[in-house]
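Taking UniProt numbering, the leading residue of the sequence shown gets 1, the next gets one more, and so forth.
Some notes on the structure that comes next.
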Amino acid sequence: ATASMAAAAAPVADPPPAAASTAVVEKKVEPLGEGGRKLNRQERRAMMRAQGIFEEKAKKVDEPKEKEEPTPAVGERRRVRMDTVNISDSPVFTETRVFSDLPTPAGYQPVVYGNNYVRSVQFSSGGRNLATTSQDRHLRLFKFDEEKCETSLTVSLPLGGLIYDAVWHPREEWIATSSRDHPIHLWNEEGERVLSFRGINHLDELSSANTIRFAVDSSRLYAGYHKYLRIFDLNRPGRQTREIKTWSRDHGGQRSLLSCIAVHPVYSGVFAVGCYGRSIGLYSDNCKSVECLFEIGHSALTELEYSTDGLRLYGATRNDSSIVCYDLRNPGQTLFTLDRPGLTNQSFAFDLDSSDRYLFSGSSTGEVLVYDVKTCGNQTQPMQRVKAAESSLVGVSVHPSLPVLATCCGERIYRMMELSDDEEGEEGEENRMKREEEEMMEKGETGEKYSEGKRQLQNGFQIWRM
């Protein structure tokens, strides 16, 4: 015990000093002037300039950096800007066979159509697929071969009723369709149904959407009805999540059928709506009513399209020979008007390229019309005309990443009534026409009798190089 106490009382030796570091820290030596005095800031900068230090830094700053292209969003491809446009004299590919295999029943309808004209054609947002809608109530999806510039039929979907609208998803290879007495369906590129949306009215009944468009961020779907706008959430399929009444007795608004929607490309949640009541309304997700409304002096609107910067709005009306460009910095003000033959009640589509310089449109004369909207000024005539069909050219779609254009043609043609001097009356005339119709369907004739003997039908779509 005594020994342990003595050991505890002994002083503890200090630890040995750490080895000195062999690294030499260089001190920053500041330049000195005459007499060893310290230089001021101006003198130091003059000395550095004399030694060429500033020139080396300037070279590093002036070296051009490689411009990095913005990374496209998921499912989106880079768009090619076209400096010049020169459409080939003839199409590189034409598809008519799948639209002329008649007589066949049209979906759920017990009707056989002898004139299966094409109503619309659209490239997908990625450019890998192409979709068409036709009079036989079918949505057809085609694979597009970029190297050969050809298409092959993937699937033909019967939609059961007259197809009102079809639009591609902005990021995925999905397409939404709206048809009479049916909900809005979302299909993938293989023809499988992904989602369904039901527009329910105030009577808790299903309503059919006349026009549909996706939001820029692809999270919502806008649908136009009679006096109502309904908004659907893609994360919650089924009934609409919001509803905007476009007309009221006290405040007015857009009273008639909503026929077309254009989504603002810059501001998410802002969109323009056209109707058969000759007016355009600007709406947003933050307001439950129209934010801006202006009248147009033309007939019913059928097509609306924003420019890429969102400052211009192009609109076309039915049975009219013009496409009007509106300045949204002063809503309702017309910038210019393009002459476009459209003397039928059909909806003639038009499309813009990614540079917003060239506008492509169909026409009732069967021509593809190209306009230079950047330098047109008072020049309202097209810069190029290409004869594509004998019937109306109703659909136009520009490929998102290639100088390729798709067009479709066709129109509803009524046969001339034959006058009779016998005493059969109206009932006998109807029976005779019905017998002739049945005989023609049995023979598969879909040409001269429907075209009044003047021209053959050209129901189908074409692919053009530019």
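Heads up, the beta-carbon is just placed ideally off N, CA and C, and yes, glycines get one too.
With fewer than 16 other Cβ atoms inside 10 Å of its own Cβ, N345 counts as exposed. The alpha-carbon of D145 is positioned some 37 Å away from that of Y225. Between the stretch 258-273 and the stretch 208-228, the count of Cβ pairs shorter than 8 Å is three or higher; the stretches touch.
Taking 9 Å as the cut-off, the beta carbon of Y228 is found no closer than this to the beta carbon of S256.
Cβ contact annotation for R198 (same chain, cutoff 7 Å, sequence separation greater than five): P183, L206, G238, R239, in chain order. Unbroken alpha helix (DSSP H) runs of no fewer than 4 residues, entirely contained in the stretch 93-169, are found at 97-100, following chain order. By the Cβ neighbour-count rule, V92 is exposed, with fewer than 16 other Cβ atoms within 10 Å of its own. Secondary structure at Q42: helix, using DSSP grouped into helix, strand and coil. I244: member of the beta strand (DSSP E) spanning 242-245, first to last residue. For Y225, there is no enclosing beta strand (DSSP E), as DSSP marks it with neither H nor E.
Distance between D165 and F123, taken at the CA atoms: about 14 Å. Per DSSP, the unbroken beta strand (DSSP E) holding L304 starts and ends at 301-306. If you compare the alpha carbons of V404, R412, L457, E411 with that of S90, the shortest gap goes to V404.
Leaving aside the five residues that flank L195 on each side, the residues in its chain whose CB is nearer than 6 Å to its CB run, in chain order, L186, P237. When DSSP states are grouped into helix, strand and coil, A209 belongs to the coil group. Runs of beta strand (DSSP E) with 3 or more residues, each lying fully within the stretch 339-364, are found at 350-352, 358-361, listed in chain order.
Fewer than three Cβ pairs drawn from the stretch 242-250 and the stretch 145-155 lie within less than 8 Å of each other, which leaves the two stretches out of contact.
A check of alpha carbon separations from F348 across D372, R128, I323, T211 identifies I323 as the nearest.
Check the Cα spacing between G342 and each of L359, Q333, D320: the tightest is with D320. Rounded to the nearest whole angstrom, the CA to CA distance from E192 to L335 is 44 Å.
For A388, the secondary structure class from DSSP, reduced to helix, strand or coil, is coil. If you look at T177, you'll find it in the beta strand (DSSP E) that goes 174-179. Counted as a single uninterrupted DSSP element, the stretch harbouring I296 is not any beta strand (DSSP E), since DSSP gives it neither H nor E. In the DSSP assignment, no residue is bridged to L328. Boundaries of the beta strand (DSSP E) harbouring V194: 193-200, taken from the DSSP string. A Cβ-Cβ contact shorter than 9 Å links Y314 with F350. For E367, the enclosing beta strand (DSSP E) stretches over residues 367-372.
Taking a C-beta distance under 9 Å as the contact criterion, L258 and N210 qualify as a contact pair. Within its own chain, the residues whose Cβ lies closer than 6 Å to the Cβ of L282, once the five positions on either side in sequence are excluded, are A272, E291, C292, listed in chain order. Shortest Cα-Cα distance from F294 to any of S307, V263, G253 involves G253. In the structure shown, A215 falls within a coil segment according to DSSP collapsed to helix, strand and coil. The beta carbon of R357 sits closer than 7 Å to the beta carbons of D372, V373, K374 from its chain, once the five residues preceding and following it are set aside; these are given in chain order.
Following the DSSP letters along the chain, one finds Y283 inside the beta strand (DSSP E) bounded by residues 279-284. When C-alpha distances from H138 are compared across S125, E147, V121, the shortest belongs to V121.
About 11 Å separates the Cβ atoms of S391 and G362, ruling out a contact at the 8 Å cut-off.
Apart from the 5 residues on each side of it in sequence, I296 sits with its Cβ closer than 6 Å to the Cβ of R278 in its chain, given in chain order.
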